[in-house]
Structure formats: structure tokens, C-alpha cells
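Colleague: Residue numbers (our numbering): 214 to 314. Each residue gets a CB set at the ideal place from its N, CA and C atoms; glycine is no exception. Please read these numbers as outputs of a predicted model, since none were measured by experiment.
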Amino acid sequence: MTTQDTPLEERIAQICHEQWAHWMHYVFTKAFAGPGHSVCIPSPFKSRWMKQIKTPYAELTEQEKESDREWARKYCDAFAQWENDLDAPLPLIPPNQAKKD
């Protein structure tokens with residue numbers, strides 16, 4: 214933590230990392246080892262993910278939106294906690310207690 218980092222900033226950074234780690238875990242469960250040290254993503258997953266990348270949020274399916282909402286709720290909870298007690302630092306969730314899917 215640098216001198217400019219705030220407890221809210223740290224909590225949001227933690228959520229960002231959890232989201233990235235969750236996504237990478239999912240990607241690696243779908244990928245397979247390729248030649249050399251490469252990792253290959255099967256074509257159906259690549260096609261689906263490329264379509265999702267290009268799709269505006271408003272046009273996602275309800276299931277896709279709900280997946281994004283789950284992460285949005287984590288951010289909202291962090292902001293709400295920060296607003297409720299501006300003087301108290303936000304607790305970090307120990308990695309072994311973070312939700313795993």
C-alpha cells in the first residue's frame with residue numbers, strides 16, 4: 214500500500230484481483246496444453262467469448278448480466294461499507310474465505 218492508497222482503494226483492488234483470478238481459473242479449466250509451452254483455447258469458447266467482448270451490456274443475456282451483477286454487488290458492498298464508516302478501514306477478506314465457484 215502506498216501513502217496515497219486508501220482502504221477503499223485497497224478493497225476495490227482486492228475485488229478486481231478476485232474477479233481476474235476467478236476468470237483465469239475458469240479459462241484454464243477450458244484450455245488445454247498445446248505445443249511447447251502454449252495453452253490452447255478450444256474454438257467454441259473463443260468464438261463465444263469474442264462475441265461477448267463485442268456485445269454491449271444491454272444486449273447480453275440475463276444469465277450473462279447476472280454474472281456481471283454478482284461482481285457489481287461486491288463493489289457496491291465495498292462502497293456502502295466505506296460510506297457507513299468513513300473513519301474505519303475496510304477489512305480485507307482472507308483469500309481462503311473468498312467465494313470460489
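1) So, at 8 Å on beta carbons, what are the nonlocal neighbours of C253 in its own chain, with the 5 sequence-adjacent residues on each side left out?
2) Around the C-beta of P220, are 16 or more other C-beta atoms found within 10 angstroms, so that it is buried, or is it exposed?
3) Just how far apart, CA to CA, sit C289 and I228?
4) In the DSSP assignment, find the unbroken alpha helix (DSSP H) run with Y239 in it and report its ends.
5) With the cut-off set at 8 Å, would you say Q265 and E277 are in Cβ contact?
Modeller: Straight from the coordinates:
1) A244, F245, A246, G247
2) buried
3) 11 Å
4) 220 to 243
5) yes
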